[in-house]
Amino acid sequence: MTDYDGTIAPIVSDPTHAPPVPGVVEHLDALVSLVRGVVVLSGRSETSLRSLLPVRGVLLIGENGIEALTPEEDVRLRLFRERATVAVERWSGAVIEAKTASISVHFRSQPEIGAELERVLADLIHGSGLMMVANRMVFDIQPRRGTKLRCVCRLIREMKPVAILYAGDSREDAHVHRGLKAARIETLCIGLKSTEMPADLFKYADLILDGPSEMSALLGRLVQRWRDRTPGLLQVPDAVST
Ligand SMILES: [Mg+2]
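Per numbering that gives the first Met the number 0, residue 0 is the first one in the sequence shown, and the count goes up by one each step.
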């Protein structure tokens, strides 16, 4: 299971043009026939994921796995969207992406506005019942917290894996690591570090990587290992751990 942006694709200024790093598509394609399930779980919409990752057999889950909203949640989110659209007009680099069950406010092309944008959005959210998660160059606004971990737990119940590898670069991913470490299942939790996230974010990770290219290299080595049926399902390949 892996996150998308910042994990298998770089954070680029235009979120609509963020293809995966070289090798990822081939490695995910190979993994489909080697493991029980390959899942990409992201805050992006499922449509966006499908256009960026045309790999048959990979389960693509958008909007952090959030399930259908209640009518009240839907109204809250729509009201926030209307207010936020007006409030961020002053910044050319603030882009609102309205999805089915959440809203993302991107600022990749104008990183310097991050702190003020966060203040403005926090004011709008105050008392609305919505949650805001500060991720890398994006604020995700949704009616519920911890949806990624809930989705991962649901997938574990459905897919019954013997072990899980989970990789991600943001707060929700660190929250998933913590949840997985409390579950009775073999896990390899991977955190991808960045300048935008606190250095101590990945307290529960078994392995910290420098960026999506290292993640792609790791996936390539795991494909090799599992093709060769090398024992040690979730042992980190040497070339990565050193
Ligand atoms: Mg990410």
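Yeah, the Cβ is synthetic: ideal placement off N, Cα and C, and Gly gets one too.
Query, Result
"Could you spell out where the alpha helix (DSSP H) holding residue 79 opens and where it closes?", "70-86"
"With distance defined between alpha-carbon atoms, name the residue in 218, 206, 124, 158 nearest to residue 143.", "124"
"Is residue 61 close to ligand 1? I mean its beta-carbon at under 7 angstroms from any heavy atom of the ligand.", "no"
"Which two residues bound the contiguous beta strand (DSSP E) that contains residue 124?", "Here residue 124 belongs to no beta strand (DSSP E); instead the alpha helix (DSSP H) covers 113-124."
"Whose C-beta lies closer than 7 angstroms to the C-beta of residue 154 among residues of the same chain, with five residues either side of it excluded?", "38"
"Given a threshold of 16 other Cβ atoms within 10 Å of its Cβ, counted over all protein chains shown, does residue 62 qualify as buried or as exposed?", "buried"
"Please state whether DSSP places residue 9 in a helix, a strand or coil.", "coil"
"Comparing C-alpha positions only, which one of 122, 24, 36 sits nearest to residue 162?", "36"
"Does the contact criterion of 3 or more C-beta pairs under 8 angstroms hold for the segment 61-76 versus the segment 100-116?", "yes"
"If I follow the unbroken alpha helix (DSSP H) through residue 172, where does it start and stop?", "170-181"
"How is residue 27 classed by DSSP in three states: helix, strand or coil?", "helix"
"Identify the continuous beta strand (DSSP E) that holds residue 96 and give its terminal residues.", "94-97"
"Under 8 angstroms, with one C-beta from each stretch per pair, do the segment 1-21 and the segment 113-121 reach the 3-pair mark?", "no"
"Compute the minimum distance between the beta carbon of residue 210 and the heavy atoms of ligand 1, and state whether it is under 7 angstroms.", "no"
"Around the Cβ of residue 194, are there at least 16 other Cβ atoms within 10 angstroms (buried) or fewer (exposed)?", "exposed"
"Counting Cβ pairs, one atom from each stretch, are 3 or more of them under 8 angstroms apart for the segment 83-93 and the segment 164-184?", "no"
"Verify whether the separation of the beta carbon atoms of residue 172 and residue 147 is less than 8 angstroms.", "yes"
"Determine the direct distance from the alpha carbon of residue 208 to that of residue 28, and round the result to whole angstroms.", "22 angstroms"
"Does the beta carbon of residue 215 fall short of 7 angstroms from some heavy atom of ligand 1?", "no"
"Can you tell me whether residue 169 sits near ligand 1, meaning its C-beta is under 7 angstroms from at least one heavy atom of the ligand?", "yes"
"Please name the residue, chosen from 228, 198, 164, that lies closest to residue 217 on a Cα-to-Cα basis.", "164"
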